[in-house]
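**Q** Sequential numbering of the sequence shown, starting at 217, is according to my numbering. For glycine and all other residues, C-beta sits at the position ideal for the given N, C-alpha and C. All figures in this text were calculated on a predicted structure; none of them were measured in a lab. My questions all concern the structure below.
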Amino acid sequence: MKLLFLGSGSAFTTGADNYHSNMLLISDRGDKLLLDCGSDIRFSLHDAGFSHQDITDIYISHLHADHVGGMEYIGISRLFDPSCQKPNLYLSKDIASEVWERSLSGGMRHIGGDIANLDTYFKVDPINYQDAFIWQDIRFQLIRVIHIHNSFSLMPSYGLFFEIAGTKIFLTTDTQLCLAENGEYYEQADLIFHDCETSKYPSPVHVSYAQLTQLPPEIKGKMWLYGYQPGHLPNAQADGFLGFVKRGQVFDFEQVNTQNFTFHQRDRI
Ligand SMILES: [Zn+2]
Numbered sequence: 217m218k219l220l221f222l223g224s225g226s227a228f229t230t231g232a233d234n235y236h237s238n239m240l241l242i243s244d245r246g247d248k249l250l251l252d253c254g255s256d257i258r259f260s261l262h263d264a265g266f267s268h269q270d271i272t273d274i275y276i277s278h279l280h281a282d283h284v285g286g287m288e289y290i291g292i293s294r295l296f297d298p299s300c301q302k303p304n305l306y307l308s309k310d311i312a313s314e315v316w317e318r319s320l321s322g323g324m325r326h327i328g329g330d331i332a333n334l335d336t337y338f339k340v341d342p343i344n345y346q347d348a349f350i351w352q353d354i355r356f357q358l359i360r361v362i363h364i365h366n367s368f369s370l371m372p373s374y375g376l377f378f379e380i381a382g383t384k385i386f387l388t389t390d391t392q393l394c395l396a397e398n399g400e401y402y403e404q405a406d407l408i409f410h411d412c413e414t415s416k417y418p419s420p421v422h423v424s425y426a427q428l429t430q431l432p433p434e435i436k437g438k439m440w441l442y443g444y445q446p447g448h449l450p451n452a453q454a455d456g457f458l459g460f461v462k463r464g465q466v467f468d469f470e471q472v473n474t475q476n477f478t479f480h481q482r483d484r485i
């Protein structure tokens with residue numbers, strides 16, 4: 217099983233060297249699970265040698281366009297491609313009810329000869345609070361993280377906690393630093409892929425690099441950083457992290473036996 221970062225940049229990433237932080241999990245047989253589907257997904261998939269035809273399973277963490285804005289491309293392209301079936305769509309129940317009305321329906325509701333809805337394009341699997349979905353015998357537990365609090369209400373994102381070949385992985389998705397709520401997953405994980413804002417003018421809705429440097433060394437030592445802005449990056453390894461994930465970077469999880477596992481990381485596919 218391989219984890220490919222199609223991109224590792226922030227929402228407003230520009231330039232030729234990075235895309236939105238969307239990933240593909242690719243099984244040894246070639247089955248694929250897309251983890252978030254941002255508005256530049258058609259470009260990032262193409263650069264990695266894939267297209268809408270490869271996207272049979274999708275997980276959506278929250279409703280910002282760098283995570284959901286590419287669903288129109290995937291949904292419509294697959295609907296009119298006779299070689300494709302509806303992709304499975306996994307997402308938390310609370311955003312399953314919003315993704316259509318608040319994000320996708322504007323461009324996808326009107327279809328030749330009919331009125332469409334989310335089920336026209338996707339096989340929707342709404343997931344209960346703190347519950348999980350199964351893909352390729354892997355259990356993906358949804359972890360609610362605090363992304364935006366507007367004083368009236370919380371807009372969460374849903375990170376994932378899962379295990380591949382003995383490696384426990386915590387993928388935060390977009391988040392503030394919320395150790396009080398989710399500290400147990402930082403402890404349990406062998407590998408953490410963490411949102412990290414590197415902007416000179418940090419927003420309050422993403423954890424900043426400066427905040428992450430204050431974490432204990434044992435946590436930083438299993439942490440890869442992604443979701444950063446274009447431009448200069450600090451020396452993450454010197455600060456105790458594993459590093460910044462680059463676009464196209466592949467993490468290869470290879471089972472050796474039930475007790476031991478190897479973990480390889482390649483620079484590029
Ligand atoms: Zn977001």
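Taking contact to mean at least 3 C-beta pairs separated by less than 8 Å, is the stretch 254-265 in contact with the stretch 282-301?
**A** The stretch 254-265 is in contact with the stretch 282-301.
**Q** With a threshold of 8 Å (Cβ to nearest heavy atom), would Ala227 be considered close to ligand 1?
**A** yes
**Q** Would you list the residues sitting across from Thr383 in a DSSP beta bridge?
**A** Ile380
**Q** For Phe259, which of helix, strand or coil comes out of DSSP?
**A** For Phe259, the secondary structure class from DSSP, reduced to helix, strand or coil, is helix.
**Q** Who are the Cβ neighbours of Ser373 in its own chain at under 7 Å, not counting the five residues just before and after it?
**A** Ser277, His278, Val361, His363, Thr389, Asp390, Thr391
**Q** Would you decide whether Asn366 is buried or exposed? Buried here means 16 or more other CB atoms lie within 10 Å of its CB.
**A** exposed
**Q** Can you determine whether any heavy atom of ligand 1 sits closer than 8 Å to the C-beta of Tyr423, and answer yes or no?
**A** The amino acid at residue 423 is misidentified as Tyr; the sequence shows Val. No, Cβ of Val423 sits at least 8 Å from all heavy atoms of ligand 1.
**Q** Tell me the start and end of each unbroken beta strand (DSSP E) in the stretch 380-452 that is at least 3 residues and wholly inside, in chain order.
**A** Those beta strand (DSSP E) runs which fall completely within the stretch 380-452 and span 3+ residues are 383-387, 407-411, 439-442.
**Q** Tell me, please, which residues DSSP counts as bridged to Ser373.
**A** The partner list for Ser373 (beta bridge, DSSP) reads Val361.
**Q** Just the Cα atoms here: how many angstroms apart are Glu334 and Asp252?
**A** Note that residue 334 corresponds to Leu in the displayed sequence, not to Glu. About 16 Å.
**Q** Is Val466 helix, strand or coil when you go by DSSP?
**A** strand
**Q** Whose C-beta lies closer than 8 Å to the C-beta of Val309 among residues of the same chain, with five residues either side of it excluded?
**A** The residue you asked about is not Val; residue 309 is Lys in the sequence shown. Result list for Lys309: Pro342, Ile343, Asn344, Tyr345, in chain order.
**Q** Whole angstroms is fine: what's the gap from Leu356's alpha carbon to Asp282's?
**A** Here residue 356 is Phe; the residue named in the question, Leu, does not match the sequence. Distance between the alpha carbons of Phe356 and Asp282: 21 Å.
**Q** Below 6 Å CB to CB, which residues in the same chain sit around Ser313 once its five sequence neighbours on both sides are set aside?
**A** none
**Q** Beta-carbon separation of Gly443 and Cys412 under 9 Å?
**A** Contact: yes.
**Q** Note down, in chain order, each residue of its chain lying with its Cβ closer than 6 Å to the Cβ of Ile271, except the 5 sequence neighbours on either side.
**A** Leu250, Ile290, Pro303
**Q** Closer than 8 Å to a non-hydrogen atom of ligand 1 - does that hold for the CB of His410?
**A** no
**Q** Using a Cβ-Cβ cutoff of less than 8 Å, which residues in the same chain neighbour Gly437 once the five nearest sequence positions on both sides are dropped?
**A** Gly456, Phe457, Leu458
**Q** Going along the chain, which residues put their C-beta within less than 5 Å of some heavy atom in ligand 1?
**A** His280, Asp390
**Q** Name the DSSP bridge partner or partners of Trp351?
**A** Ile354
**Q** Would you kindly work out how many angstroms separate the C-alpha atoms of His268 and Phe349, rounded to a whole number?
**A** 22 Å
**Q** At what residues does the beta strand (DSSP E) containing Val340 begin and finish?
**A** 339-343
**Q** From the DSSP output, which residues share a beta bridge with Gly459?
**A** Answer is Trp440, bridged to Gly459.
**Q** Distance, Cα to Cα, Asn238 vs Phe409?
**A** Approximately 12 Å between the Cα atoms of the pair.
**Q** Tell me where the beta strand (DSSP E) around Asp273 begins and ends.
**A** 273-276
**Q** Less than 7 Å between C-beta atoms, sequence neighbours within five positions excluded: which residues of the same chain meet that for Leu358?
**A** So the list reads Ser308, Ile343, Gln346, Asp347, Ala348, Tyr374, Leu376, once near-sequence residues are dropped.
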